[in-house]
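Before any comments, here is the structure.
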Amino acid sequence: MNGDSASRRAVMAVVRPATSGGEPPRSRPVADSVAFGWRALLKIKHMPEQLFDVIVTPVMFTVMFTYLFGSALAGSPHVYLQFLLPGILVQTVMFTSIYTGFTLNTDFSKGIFDRFRSMPVWRPAPIVGAMLGDSARYTVSSLIVVAIGLAMGFRPESGLAGILWSLLLLDLFAIGIGWVFTILGLLARTPSTVMTLGWLVLMPLTFVSNIYVDPATMPGWLQAIVGVNPVSLLVTAIRDIMAGTVTAEMVGFALAAPAVIATVCVPLALRLYGRER
Amino acid sequence: MTVDSSLAIQADGLAKSFRGSPALAGVDLRVRQGSIYGLLGPNGAGKTTTVRLLATLLRPDAGNAHILGYDVVREPEEVRRRISLTGQFASVDEDLTGRDNLILLGRLLGFRWSAARVRATELLDAFDLAEAAKRQVKTYSGGMRRRLDIAASVVRTPDLLFLDEPTTGLDPRSRGQVWQIVRALADSGTTVLLTTQYLEEADQLADRIAVVDRGTIIAEGTPTELKASVGRDVLRLTLRDAGQRETARDLIVGQLGRRVHLEADQRVLAVQLSGSDEALPILDAMARAGLRADEFALGTPSLDEVFFALTGHPAEPADGESEESALEAHR
Ligand SMILES: Nc1ncnc2c1ncn2[C@@H]1O[C@H](COP(=O)(O)OP(=O)(O)O)[C@@H](O)[C@H]1O
Ligand SMILES: [Mg+2]
């Protein structure tokens with residue numbers, strides 16, 4: 190009983206009388222989004238097994254494809270690596286972007302979102318914050334692929350600058366594409382649905398592209414499909430950046446699809462997020 | 091209808107259906123600022139739906155509600171600036187530490203990083219969570235989680251705090267701690283809307299209680315008024331042998347023609363009397379039938395009995411099946 194009244198006093202001491210709290214808080218777009226970005230980073234910190242996926246898969250693909258196909262496709266693994274690595278970067282970021290939908294779906298079904306949605310928080314902040322966290326994930330996984338590549342003999346013409354520009358372009362692309370997964374995350378009933386549907390979209394997008402093989406060897410109809418695949422456009426842009434031959438037009442092509450997707454999906458995602466559940 | 095902005099909550103005719111089945115069917119509420127208001131009702135009564143409507147998470151199908159004078163549908167932002175919600179299911183982030191949860195909420199409520207950290211430490215100390223501050227919430231016990239959940243709602247002290255079943259599933263000690271916290275919040279001037287399935291809890295904490303059943307409010311008043319509205323004299327018997335309860339009930343029903351309430355304790359039954367002079371004949375008849383009572387008491391009804399009298403079914407069906415069928419038989 191004594192312990193109880195002590196706790197009552199302790200609580201009294203930290204609860205400000207309702208009238209003295211000053212002006213009640215308002216939503217702040219930037220600060221709220223950054224706060225949610227911080228939360229996303231904390232989650233990555235507490236769930237390193239997620240990073241495991243992000244790290245192991247790209248390492249595996251880079252090493253496996255280079256030595257498996259290198260000699261057959263390009264004469265030597267070393268030559269093939271110069272061609273493959275930009276593609277693997279894109280593949281890695283694409284695969285990582287599924288997590289956007291996965292984490293949002295896990296998150297939104299929890300009681301804490303009732304708290305957030307009953308607070309004076311900028312409405313899109315949880316989604317924007319999640320994307321900030323995803324950017325960190327994209328950057329980590331890209332850097333790992335680049336590091337592995339460099340260790341295996343990848344030598345881009347445009348050096349460090351080329352790598353940095355590539356990372357920036359990848360991040361922009363992934364943030365645009367990520368809205369598809371955001372919507373998937375908001376619509377799907379369970380996180381595993383997000384994963385299943387996500388792979389269904391990602392598999393053809395990544396494999397029917399120019400990531401692994403020069404489309405010149407493909408039949409004409411397939412070349413046509415591969416040619417308009419946004420993934421191919423991005424891979425080409427990154428190859429050109431690494432080679433130092435990139436044009437503004439090429440970057441524009443690469444960013445067209447994510448820009449369109451974002452334009453369509455952002456308002457839709459905000460509507461879905463705002464609806465009651 | 092005029093909006094009284096001195097009220098913390100003013101709701102009129104709130105209704106909400108989910109896929110055609112009504113969860114709330116016209117709820118009116120008046121909650122004075124600075125009071126503790128209890129929504130009392132069994133599972134599925136519509137308590138959470140009411141809270142979610144008032145906290146701007148759901149839109150009413152009909153009716154309207156004002157929080158401190160602001161319309162929940164037309165001015166949700168203004169409402170959100172003044173309320174906090176501790177939901178029925180953990181409204182803290184299980185993956186984060188207790189401390190990071192509080193810092194995050196501080197940031198979202200406009201604190202600077204440094205102020206948010208100071209505030210988090212202060213709250214963790216006061217809510218007896220300092221030792222667990224750096225552990226992920228998923229490692230917390232039920233009581234710790236609840237305390238953190240309430241602390242999270244007062245990072246900035248709101249004008250109105252919603253607590254949805256704050257002690258469901260807690261052990262008696264943790265429940266006592268939560269009660270002290272709620273009292274402390276009310277002492278500081280915060281209005282608290284609390285939902286509960288526990289009659290004792292509403293009785294202990296609330297200044298006024300609304301009894302919710304199947305989406306409507308079936309009674310409203312102070313705990314004393316509610317008890318008085320049912321009648322003053324209740325005879326409560328504790329039998330020596332729980333196995334004799336059915337026989338005792340049949341005997342009393344036969345004698346008074348009134349419903350007998352079987353309490354959660356298998357040996358206890360209670361019946362409403364129209365006057366204390368009805369008590370002796372019952373005891374007499376029981377003695378002649380060989381039914382032995384260890385204890386009997388004549389007094390004002392408990393909220394449990396109030397609920398039974400108001401709804402015709404028990405609030406917390408301990409042996410719900412037999413009770414329901416017994417009721418049917420004697421109606
Ligand atoms: N999101 C929902 N979808 C469908 N039915 C719901 C939903 N929320 C509540 N209900 C239904 O509405 C009724 C009232 O539920 P609720 O407000 O949660 O009751 P309480 O909190 O008093 O236990 C119940 O029958 C419940 O099944
Ligand atoms: Mg409920």
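From first to last, the protein sequence lines are chains A and B. FYI, in this note's numbering the residues of the first sequence are 190 to 466. FYI, in this note's numbering the residues of the second sequence are 91 to 421. Note that the Cβ used here is the ideal one computed from N, Cα and C, for glycine as well. Quantities reported herein were computed from a predicted structural model and do not represent experimental measurements.
Test: residue i CB closer than 9 Å to a CB of chain B
{"i": "arginine 306 of chain A", "result": "yes"}
{"i": "isoleucine 301 of chain A", "result": "yes"}
{"i": "proline 313 of chain A", "result": "no"}
{"i": "methionine 341 of chain A", "result": "no"}
{"i": "arginine 326 of chain A", "result": "no"}
{"i": "alanine 319 of chain A", "result": "no"}
{"i": "serine 265 of chain A", "result": "no"}
{"i": "arginine 228 of chain A", "result": "yes"}
{"i": "threonine 208 of chain A", "result": "For threonine 208 of chain A, the predicted model reports a pLDDT of 49, less than 50, meaning its position is unreliable; a value from the coordinates is still stated below. Yes, threonine 208 of chain A counts as interfacial toward chain B."}
{"i": "valine 383 of chain A", "result": "no"}
{"i": "leucine 231 of chain A", "result": "yes"}
{"i": "arginine 198 of chain A", "result": "yes"}
{"i": "alanine 495 of chain A", "result": "Not covered by the structure: residue 495 of chain A. The range shown for chain A is 190 to 466."}
{"i": "arginine 378 of chain A", "result": "no"}
{"i": "arginine 460 of chain A", "result": "no"}
7 Å Cβ shell around residue i - same chain, five flanking residues per side excluded
{"i": "glutamine 280 of chain A", "result": "Phe250, Thr395 and Ile400"}
{"i": "alanine 263 of chain A", "result": "Tyr269 and Phe272"}
{"i": "phenylalanine 201 of chain B", "result": "Arg209"}
Exposed unless 16 or more other CB atoms sit within 10 angstroms - verdict on residue i
{"i": "aspartate 384 of chain B", "result": "exposed"}
{"i": "glutamate 411 of chain B", "result": "Caution applies to glutamate 411 of chain B, whose pLDDT of 36 falls short of 50 and renders its modelled position unreliable; the model cannot decide the point."}
{"i": "arginine 149 of chain B", "result": "exposed"}
{"i": "phenylalanine 370 of chain A", "result": "buried"}
{"i": "threonine 146 of chain B", "result": "buried"}
{"i": "threonine 434 of chain A", "result": "exposed"}
{"i": "glutamine 267 of chain B", "result": "buried"}
{"i": "asparagine 46 of chain B", "result": "This structure cannot settle anything about residue 46 of chain B, because the visible part of chain B is limited to 91 through 421."}
{"i": "valine 141 of chain B", "result": "buried"}
{"i": "leucine 257 of chain A", "result": "exposed"}
Residue i: contacting residues in chain A (beta-carbon distance under 8 Å)
{"i": "asparagine 121 of chain B", "result": "The amino acid occupying residue 121 of chain B in the given sequence is valine; asparagine does not appear at that position. The contacting residues do not exist; valine 121 of chain B stays about 14 Å from chain A at best."}
{"i": "glutamate 315 of chain B", "result": "Going along chain A, no residue has its Cβ under 8 Å from glutamate 315 of chain B, so there is no contact; the nearest lies around 27 Å."}
{"i": "alanine 210 of chain B", "result": "Within 8 Å Cβ-Cβ: nothing; alanine 210 of chain B doesn't reach chain A, min ~11 Å."}
{"i": "leucine 275 of chain B", "result": "Val200 and Val204"}
{"i": "glutamine 226 of chain B", "result": "His235"}
Per-residue contacts from residue i into chain B (C-beta, under 7 Å)
{"i": "proline 393 of chain A", "result": "Under the 7 Å cutoff, chain B gives no residues; its nearest Cβ is about 33 Å from proline 393 of chain A."}
{"i": "proline 214 of chain A", "result": "Arg171, Leu199, Gly200 and Arg246"}
{"i": "valine 243 of chain A", "result": "Correct list: empty, because the minimum Cβ distance to chain B is about 17 Å."}
Short CB-CB distance (under 9 Å) between residue i and chain A
{"i": "arginine 109 of chain B", "result": "no"}
{"i": "valine 343 of chain B", "result": "no"}
{"i": "valine 182 of chain B", "result": "yes"}
{"i": "arginine 142 of chain B", "result": "yes"}
{"i": "threonine 176 of chain B", "result": "yes"}
{"i": "glutamine 100 of chain B", "result": "no"}
{"i": "threonine 424 of chain B", "result": "With chain B covering only 91 through 421, there is no way to say anything about residue 424 of chain B."}
{"i": "alanine 216 of chain B", "result": "yes"}
{"i": "aspartate 94 of chain B", "result": "no"}
{"i": "glutamate 167 of chain B", "result": "yes"}
{"i": "serine 231 of chain B", "result": "no"}
{"i": "glutamine 325 of chain B", "result": "Here the sequence assigns leucine to residue 325 of chain B, which means glutamine is not the residue at that position. By this cut-off, leucine 325 of chain B is not an interface position."}
{"i": "serine 392 of chain B", "result": "no"}
{"i": "aspartate 190 of chain B", "result": "yes"}
{"i": "serine 41 of chain B", "result": "There is no way to answer for residue 41 of chain B, as the model of chain B reaches only from 91 to 421."}
{"i": "alanine 338 of chain B", "result": "no"}
Cβ-based neighbour list, residue i, same chain, cut-off 8 Å, excluding 5 preceding and 5 following
{"i": "aspartate 185 of chain B", "result": "Gln226, Val227 and Lys228"}
{"i": "leucine 381 of chain B", "result": "Leu329, Gln334, Thr337, Ala338 and Leu341"}
{"i": "threonine 436 of chain A", "result": "Asp429"}
{"i": "valine 415 of chain A", "result": "Val397, Ser398, Asn399, Pro404, Met407 and Ser421"}
{"i": "leucine 361 of chain A", "result": "Leu444 and Pro447"}
Chain A contact residues for residue i, given Cβ-Cβ distances below 9 Å
{"i": "threonine 146 of chain B", "result": "Arg306 and Ser307"}
Where residue i meets chain A, residues with beta-carbon distance less than 7 Å
{"i": "leucine 213 of chain B", "result": "Val203"}
Contacts that residue i makes with chain B (C-beta to C-beta distance below 9 Å)
{"i": "aspartate 221 of chain A", "result": "Arg197 and Leu198"}
{"i": "methionine 236 of chain A", "result": "Asp185"}
Contacts around residue i, its chain only, beta-carbon distance under 6 Å, and the 5 residues preceding and following it disregarded
{"i": "glycine 153 of chain B", "result": "Asp102, Gly103, Leu104 and Ala105"}
{"i": "alanine 300 of chain B", "result": "Leu129, Ile307 and Glu310"}
{"i": "glutamate 438 of chain A", "result": "none"}
{"i": "methionine 376 of chain B", "result": "none"}
{"i": "glutamine 178 of chain B", "result": "Thr138, Asp254 and Glu255"}
Amino acids of chain B, ordered along the chain, whose beta-carbon sits closer than 8 Å to that of residue i
{"i": "valine 420 of chain A", "result": "Per Cβ cutoff of 8 Å: no residues; valine 420 of chain A is ~32 Å from chain B at best."}
query = If you measure from each residue's Cβ to the nearest non-hydrogen atom of ligand 1, which ones come out under 5 Å, in chain order?
reply = In chain order, the residues positioned with their C-beta nearer than 5 Å to some heavy atom of ligand 1 are B:Phe108, B:Ala113, B:Asn133, B:Gly134, B:Ala135, B:Gly136, B:Lys137, B:Thr138 and B:Thr139.
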